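Read top to bottom, the protein sequences are chains X and E.
The numbering of the first sequence is the working numbering, which starts it at 1 and goes up by one.
The numbering of the second sequence is the working numbering, which starts it at 1001 and goes up by one.
Every residue gets a Cβ at the ideal spot worked out from N, C-alpha and C, and that includes glycine.
Since this is a predicted model, take the numbers as computed values, not measurements.
Structure, as structure tokens:
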Amino acid sequence: MATDLEDVLAVAAAWRAEGRGVALATVVSTWGSSPRPVGSQLVVDDQGAMLGSVSGGCIEGAVVLEAREAITDGKSRTLDFGVTNEQAWEVGLACGGKVQVYVERID
Amino acid sequence: MKSELLKALNLGRTEGRPVALATLLDDGGQWLIDESSDGGGPEVIALLARTAIVEDRSQVVDCEGATLFIQVHNPPLRMVVVGAVHIAQALSPMAARTGYRVTVIDPRGAFATEERFPGVDISNEWPDEALRRIRPDGRTAVVTLTHDPKLDDAALQVALSSDAFYIGSLGSKKTHRARLNRLERLGFDKTACDRIHGPVGLHIGAESPAEIAVAILAEITQTRHMAAKLALSQGPTV
Chain X
1 MATDLEDVLA VAAAWRAEGR GVALATVVST WGSSPRPVGS QLVVDDQGAM
51 LGSVSGGCIE GAVVLEAREA ITDGKSRTLD FGVTNEQAWE VGLACGGKVQ
101 VYVERID
Chain E
1001 MKSELLKALN LGRTEGRPVA LATLLDDGGQ WLIDESSDGG GPEVIALLAR
1051 TAIVEDRSQV VDCEGATLFI QVHNPPLRMV VVGAVHIAQA LSPMAARTGY
1101 RVTVIDPRGA FATEERFPGV DISNEWPDEA LRRIRPDGRT AVVTLTHDPK
1151 LDDAALQVAL SSDAFYIGSL GSKKTHRARL NRLERLGFDK TACDRIHGPV
1201 GLHIGAESPA EIAVAILAEI TQTRHMAAKL ALSQGPTV
């Protein structure tokens, strides 16, 4: 059965092949009650299109902003979100868990 | 990530090969590792990646003081559904959405049609023939739903001789007892028969075909994650 529409890595490759600027965000660590497991991915392009998820929706906004920065400057970054992190309060990680997300540009 | 690396990663996934992408989070160094290649990186990283593949777990590990993230891409889980019945119509799309590659087997041509199962792999072979071809492995669930011993038993005999991580069979307690008696007469002992989940699915009072599909998928999910935890506590097998 076709699951291609949900295949983040296939979509990332296809978008890049079209010449779009593309960044990939991956959950690398979680602590406590994090909504998406390690390995969950979100792909973002330079026009604001996105597919996949790295949380239940709480941190996607912040991750998309960082992803667009990464598309511009080409630098990979590791982002920490959690209840002890002020940024997490701003973006509202309501589950009380912690999550670490790696963001990289597809060159 | 370099486009070439992403392409190689996607090729491995398309071909159904176990592959892992190792990334040093501090400097972005990346290697694609599989059974035969260490991706041109250090041996220690290839070793850690292969261990993660066996554990089937993406994870951050310490690699000589550096932080290494290993993302494991194992071949897709598979679900073989015997009986192209109403419950199968509800179960197939749910299972696909959960990450299973679904095959529906039913030699009765009127049941297993593209119209009733759009986008699903359909086989009109006899269940034992089809299962022998599919060869269920440790990432495969087998569910029989026909209620017809001719079809279900044929499938179960092959499934019980395989490494399928889940085997479930639709039917009441009485039907299930009769089924186990038949299988015992065919030489399957109690340990083998105990592998069959019957009546199939978690006990959630399911009534409609879709509810029964939820109960079955929930039980398969439970079995998969419990089995993985058990294997981990016993350490890597390779």
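Distances from the CA of R1139(E) to each of A1154(E), G1041(E) and V1054(E) were compared; the closest alpha carbon is that of V1054(E).
The alpha-carbon of P35(X) is positioned some 13 Å away from that of G52(X). Within chain X, the C-beta atoms nearer than 8 Å to that of N1010(E) come from L9, A10 and A13, in chain order.
The stretch 1217-1228 of chain E and the stretch 1186-1194 of chain E do not touch, with fewer than three beta-carbon pairs separated by less than 8 Å. Only L1006, K1007, L1009, N1010, R1013, T1023, L1025 and G1028 from the stretch 1005-1034 of chain E bring a Cβ to less than 8 Å from some Cβ of chain X. Here L1011(E) is exposed: its Cβ has fewer than 16 other Cβ atoms, across all protein chains shown, within 10 Å. Residue-level contact by beta carbon holds for D107(X) and chain E, with a gap shorter than 7 Å. Chain-order list of chain E residues neighbouring V28(X): T1023, L1025, S1058, Q1059, V1060, T1067, F1069 and Q1071, by C-beta distance under 9 Å. Beyond the five residues adjoining it in sequence on each side, T1144(E) comes within less than 7 Å, by CB distance, of V1082, G1083, D1152, A1155, L1156, S1169 and L1170 in the same chain, given in chain order.
Contact between A70(X) and L1006(E) fails: their C-beta atoms lie close to 15 Å from each other, not under 8 Å. DSSP places I1204(E) in the coil class of the three-state scheme, outside both helix and strand. At a cut-off of 7 Å between C-beta atoms, S1123(E) does not count as an interface residue with respect to chain X.
About 19 Å separates the Cβ atoms of D1128(E) and V1102(E), ruling out a contact at the 8 Å cut-off. Counting along the chain, S1003(E) sits inside the alpha helix (DSSP H) bounded by residues S1003 to T1014. For the stretch 1131-1165 of chain E, the set of residues with a beta-carbon nearer than 8 Å to any beta-carbon of chain X is empty. Pairing G1201(E) with H1176(E), the inter-Cα distance amounts to about 13 Å.
Between K75(X) and the set S1208(E), T1146(E) and L1025(E), the nearest pair of CA atoms involves L1025(E).
Going by beta carbons, A1213(E) and A1090(E) fall inside the 7 Å limit. Nearest CB-CB separation between M1001(E) and chain X: below the 7 Å threshold.
K1174(E) has its alpha-carbon roughly 34 Å from the corresponding atom of E1115(E).
Shown here, G1119(E) sits in coil according to DSSP, grouped into three states, outside any helix or strand. Rounded to the nearest angstrom, the Cβ distance from V11(X) to V101(X) is 18 Å, too far for a contact under 8 Å.
Of the residues assessed, K98(X) falls on the buried side of the cut-off, its CB having 16 or more other CB atoms within 10 angstroms. In this structure, the beta-carbon distance from A1110(E) to I1070(E) does not fall below 7 Å. Taking 7 Å as the CB threshold, R16(X) lines the interface with chain E.
Apart from the 5 residues on each side of it in sequence, R1135(E) sits with its Cβ closer than 8 Å to the Cβ of S1162 in its chain, given in chain order. Using a 10 angstroms sphere on the CB of H1073(E), the tally of other CB atoms reaches 16 or more, which defines it as buried. For V1142(E), the enclosing beta strand (DSSP E) has its first and last residue at T1140 to T1144. The DSSP-derived three-state label of R68(X) is helix.
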